[in-house]
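Structure record follows, encoded as structure tokens.
There are 2 protein chains.
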Amino acid sequence: MRTRDDDLNKTRSATILSAAGDCFVRNGFHSTSMKDICSAAGMSPGTLYHYFRSKADIIAGIVEGERAATQLILSRLTDAPDFMQALFMALEALAGSITERDLILHAEVSAEVLRRPELRVRARAADDEARDWLAAAIAEAQASGELARVLSAHEAAVCVLALIDGMLWRATLHEASDLGERLEPLKQALTRLLAEGQVPR
Amino acid sequence: MRTRDDDLNKTRSATILSAAGDCFVRNGFHSTSMKDICSAAGMSPGTLYHYFRSKADIIAGIVEGERAATQLILSRLTDAPDFMQALFMALEALAGSITERDLILHAEVSAEVLRRPELRVRARAADDEARDWLAAAIAEAQASGELARVLSAHEAAVCVLALIDGMLWRATLHEASDLGERLEPLKQALTRLLAEGQVPR
DNA sequence: ACCTGAACACCGTTCAAGT
DNA sequence: ACCTGAACACCGTTCAAGT
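Listed in order, the protein sequences are those of chains A and B.
Counted from 1, the first sequence has number 151 at position 151 by our numbering; the numbering is strictly sequential.
Convert by adding 201 to the 1-based position in the second sequence; the result is the number in our numbering.
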């Protein structure tokens with residue numbers, strides 16, 4: 001009997017998640033068999049099941065990766081003096097780093113999230129985390145007078161996240177490549193939505 | 202050899218789509234077997250395949266139903282004199298008629314749409330149709346001075362649809378029942394986004 | 001044309017057996 | 001502990017046969 005090897009565990013898990021993600025993007029969740037993932041990851045079914053207890057568990061791993069990535073971008077929001085500028089920089093960072101693979105994988109994962117109650121709870125927690133973080137930054141900018149107080153900080157945060165999500169979904173539907181094109185109108189929309197002292201015309 | 206019976210065809214198709222929708226909402230697309238749909242619709246596999254050529258073809262039928270429902274709501278936008286009022290009435294009609302079943306089914310269907318190229322093309326066309334219809338109404342209201350011209354009519358239409366979609370997705374994630382709660386902030390957000398002469402504070 | 005149900009190739013998952 | 005691959009129950013789809 002050997003002892004648990006945490007390093008190997010992490011490496012293998014990462015390999016499996018990456019291989020599975022590639023398969024899901026190429027063929028979709030439905031049409032990807034465990035055998036496909038095994039081939040892509042270079043291991044047998046038994047080994048794969050040693051690291052992930054089910055196909056759904058692999059999705060859970062991908063969801064957690066997305067949550068971490070979102071939190072990383074949002075965490076940079078608070079240390080800028082100008083909220084709108086910080087938000088725009090975050091959007092540009094997002095537009096610069098997000099790939100078509102990420103977008104398709106996200107859509108792929110989204111349906112599975114609603115389907116499985118455990119995933120749904122985790123996704124809800126991740127969304128609340130993002131909303132609260134954004135709301136805190138907005139509340140601060142409202143207090144300083146930079147942002148309008150028409151919407152509460154929480155309501156505004158939900159609108160911002162909803163708007164960005166809706167834009168990302170559309171970018172995915174209409175070829176992900178035109179995300180850059182949508183950035184400028186999105187910025188203008190966010191300004192109108194949030195900023196105090198609206199641009200006239 | 203009998204001749205084709207269009208009435209029967211329509212009835213049976215509707216039965217199958219409804220039964221399949223129920224199954225998808227209850228157990229998800231993955232975990233619904235054709236046998237499940239057959240049981241729910243009260244027919245044998247052979248019969249089901251006589252009306253729909255594949256499981257994906259059933260999804261296509263559901264997508265078409267969603268497109269028609271969206272277009273019905275949007276078609277009422279043009280005959281009102283006040284755009285914002287018409288938009289709000291459309292939103293209330295949406296909030297009043299859409300059920301948790303619709304929302305979950307929509308999410309279920311969305312992933313499948315990205316997966317299958319034929320579905321993706323159709324969904325894109327449906328989205329363009331909605332955007333163009335909305336953009337035409339916005340352009341008119343911009344011309345009359347009711348709406349601001351900061352965003353082009355098309356850009357504004359995309360933002361409106363994105364915002365609503367993002368809200369609907371969140372309502373689905375956080376129990377669909379709280380859609381009503383989100384209506385008021387959504388209206389305020391849309392006003393700030395679109396209307397000329399912003400509310401101060 | 002419309003319908004049945006057995007049959008086909010394949011799926012996610014398990015498990016006895018190896019190192 | 002880590003890994004293999006055969007085996008199990010089940011899946012989407014087809015098709016010969018009936019009316």
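Think of the CB as a built atom: it goes at the ideal place given N, C-alpha and C, for glycine as much as any other residue.
Small disclaimer: the values here were computed from a predicted structure and weren't measured.
From B:Gln272, B:Glu313, B:Pro246, residue whose alpha carbon lies closest to that of glycine 229 of chain B: B:Glu313
Coarse secondary structure for leucine 147 of chain A, derived from DSSP in three states: strand
Straight-line gap, leucine 218 of chain B to glutamate 293 of chain B (C-alpha atoms, nearest Å): 27 Å
C-beta neighbour in chain B for cysteine 159 of chain A, strict 8 Å: yes
Chain A within 8 Å of glutamine 286 of chain B, Cβ atoms only: no
Pairwise C-alpha distance: glycine 197 of chain A and lysine 186 of chain B: The structure shown has nothing for residue 186 of chain B, since chain B only spans 202 to 402.
Proximal residues of chain A, C-beta to C-beta of threonine 175 of chain B below 8 Å: Beyond the ends of chain B as shown, which are 202 and 402, falls residue 175 of chain B; an answer cannot be given.
The segment 88-112 of chain A: positions lying closer than 7 Å to chain B by Cβ: Ile104, Ala107, Glu108, Ser110, Ala111
For alanine 281 of chain B, three-class secondary structure by DSSP: coil
CB-CB length for glycine 308 of chain B against serine 110 of chain A, believed under 8 Å: Note that residue 308 of chain B corresponds to alanine in the displayed sequence, not to glycine. 7 Å between Cβ atoms; contact.
Inter-residue Cα distance where the pair is alanine 189 of chain A and threonine 204 of chain B: 57 Å
Inter-residue spacing [alpha-carbon to alpha-carbon] between tryptophan 169 of chain A and aspartate 206 of chain B: 40 Å
Alanine 281 of chain B versus glutamine 343 of chain B - alpha carbon distance: 14 Å
Closer than 8 Å to chain B by CB, valine 199 of chain A: Residue placement at valine 199 of chain A cannot be trusted, given a pLDDT of 47 that sits under 50; what the coordinates show is reported in the next sentence. With 8 Å as the cut-off, valine 199 of chain A counts as an interface residue toward chain B.
For alanine 354 of chain B and alanine 337 of chain B, the rounded distance between their alpha carbons: 7 Å
Cβ-based neighbour list, isoleucine 37 of chain A, same chain, cut-off 6 Å, excluding 5 preceding and 5 following: Ala19, Ala20, Cys23
Cut-off 6 Å between Cβ atoms - residues of its own chain near alanine 340 of chain B, not counting five sequence neighbours on either side: Ala354
Whole-Å CB distance - glycine 180 of chain A paired with alanine 69 of chain A, under 8 Å assumed: About 19 Å separates the two Cβ atoms, so there is no contact after all.
Given arginine 122 of chain A as reference, the closest of A:Ser39, A:Gly42, A:Leu173, A:Ile59 once Cα atoms are compared: A:Ile59
Rounded C-alpha distance that separates arginine 254 of chain B from asparagine 210 of chain B: 14 Å
Rounded straight-line distance, which links the Cα of histidine 375 of chain B to that of leucine 74 of chain A: 21 Å
Neighbour flag for tryptophan 334 of chain B against chain A, beta carbons, 8 Å: no
C-beta contact flag for leucine 163 of chain A and alanine 363 of chain B at 8 Å: yes
Unbroken stretches of the alpha helix (DSSP H), 4 residues or longer, contained in the segment 98-134 of chain A: 100-115
Cutoff 8 Å: aspartate 258 of chain B Cβ touching any chain A Cβ: no
Beta-carbon gap between valine 25 of chain A and arginine 101 of chain A smaller than 8 Å: yes
With 16 other Cβ atoms within 10 Å as the buried cut-off, status of glutamate 319 of chain B: exposed
Methionine 167 of chain A: first and last residue of the uninterrupted alpha helix (DSSP H) it sits in: 153-173
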